[in-house]
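Chemist: The structure follows.
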Amino acid sequence: MPLFLIEGSKDGGLFGETIIAANIEDAERAAVIRLCEAWGEEGEELSDLGDAASVYEFGPSDYARNAADEMLTVLKLALPHIASEVEQRKHSGNDEYFADLEEVERQMGAAIAMAEGAPFMSSTPPANEAEATATLSAQIAAPAELPAGVTFNEANLETGMCLWEAMLEIRDRPDVAARFDEVGTVAMRHAVMTLIADCEREWEEARDRDEDHSPYDWEWCPAFLERNLARLGIETGEG
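If you want it as structure tokens, here you go:
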């Protein structure tokens with residue numbers, strides 16, 4: 000059955016949960032129940048729970064991102080066992096399949112390093128490292144223009160909420176809708192969240208110039224988002 004993303008916001012708090020449902024109608028009914036539980040409110044429809052309450056069906060890119068995360072987890076669990084087996088064969092003098100197993104260890108380590116954005120040092124580089132890297136990157140790493148996002152904390156939670164609300168306000172615009180269709184809602188949400196730090200930094204600079212702005216109001220965040228749509232892969236045709 001398909002996956003759906005439930006989202007909602009209230010009093011500076013964000014709610015997000017992925018569920019499995021037969022169709023969008025079932026997903027919306029489940030969303031009402033979960034959001035009522037989260038906010039301690041009552042409601043029969045999403046519209047009863049605020050403008051930010053919403054349900055999105057996962058697209059192909061969303062499934063791919065989930066698959067990459069799950070594959071990374073499997074690799075991280077398996078790598079120590081592979082490394083241990085390599086060491087045992089190395090010290091026991093049992094070189095049967097040793098080279099193949101050592102190459103598996105190297106590729107798994109490189110894949111994990113790429114996915115986590117960390118350098119990987121190998122004592123046994125492959126014969127065709129470029130080809131191996133390209134193949135592993137396609138399987139594991141997220142698209143460069145859509146980083147995995149940020150971890151929320153109290154300092155940036157409301158800024159992230161306002162940026163995402165600003166994005167939803169223009170979601171039906173043709174240039175924005177095309178990007179949503181291309182990468183999926185979940186990936187777009189991750190991408191928007193990566194703008195939080197710059198949004199708050201620019202507001203601080205505006206405040207230092209004695210300009211009366213708040214990073215959380217409905218004028219500053221939409222204007223900032225509009226100026227930075229190109230960073231999300233959205234070509235507005237301006238400039």
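When we follow numbering that gives the first Met the number 0, the leftmost residue of the sequence shown carries the number 0, and every step to the right adds one. Note that beta-carbon positions come from the ideal geometry of N, C-alpha and C, so glycine has one too. None of the values given here were measured: they were computed from a predicted structure.
What are the boundary residues of the beta strand (DSSP E) that includes E218?
Modeler: Run containing E218: none; DSSP gives neither H nor E here.
Chemist: Should E6 be flagged as near chain D, meaning a C-beta pair shorter than 8 angstroms?
Modeler: Of the protein chains in the structure, only one exists, and it is not chain D.
Chemist: Based on the DSSP output, what are the partners of E6 in its beta bridges?
Modeler: E6 is bridged to G15, S53.
Chemist: Using the C-alpha atoms, what's the distance from P173 back to E44?
Modeler: Roughly 28 angstroms separates the two Cα atoms.
Chemist: Return helix, strand or coil for A176, following the three-state DSSP convention.
Modeler: Reduced to three states, the DSSP call for A176 is helix.
Chemist: Among the candidates E84, T184, P221, I32, whose CA atom is the shortest distance from the CA of I195?
Modeler: The shortest Cα separation from I195 among E84, T184, P221, I32 belongs to P221.
Chemist: When you compare only the Cα positions, how much space is there between L228 and E234?
Modeler: Rounded to the nearest angstrom, the two C-alpha atoms are 7 angstroms apart.
Chemist: Is DSSP giving A77 helix, strand or coil here?
Modeler: Note: A77 maps to helix in three-state DSSP.
Chemist: State the Cα-Cα distance for the pair G39 and V31, rounded to the nearest angstrom.
Modeler: About 11 angstroms.
Chemist: Look at F3 and V54 and say whether their C-beta atoms are less than 8 angstroms apart.
Modeler: Contact flag set, yes.
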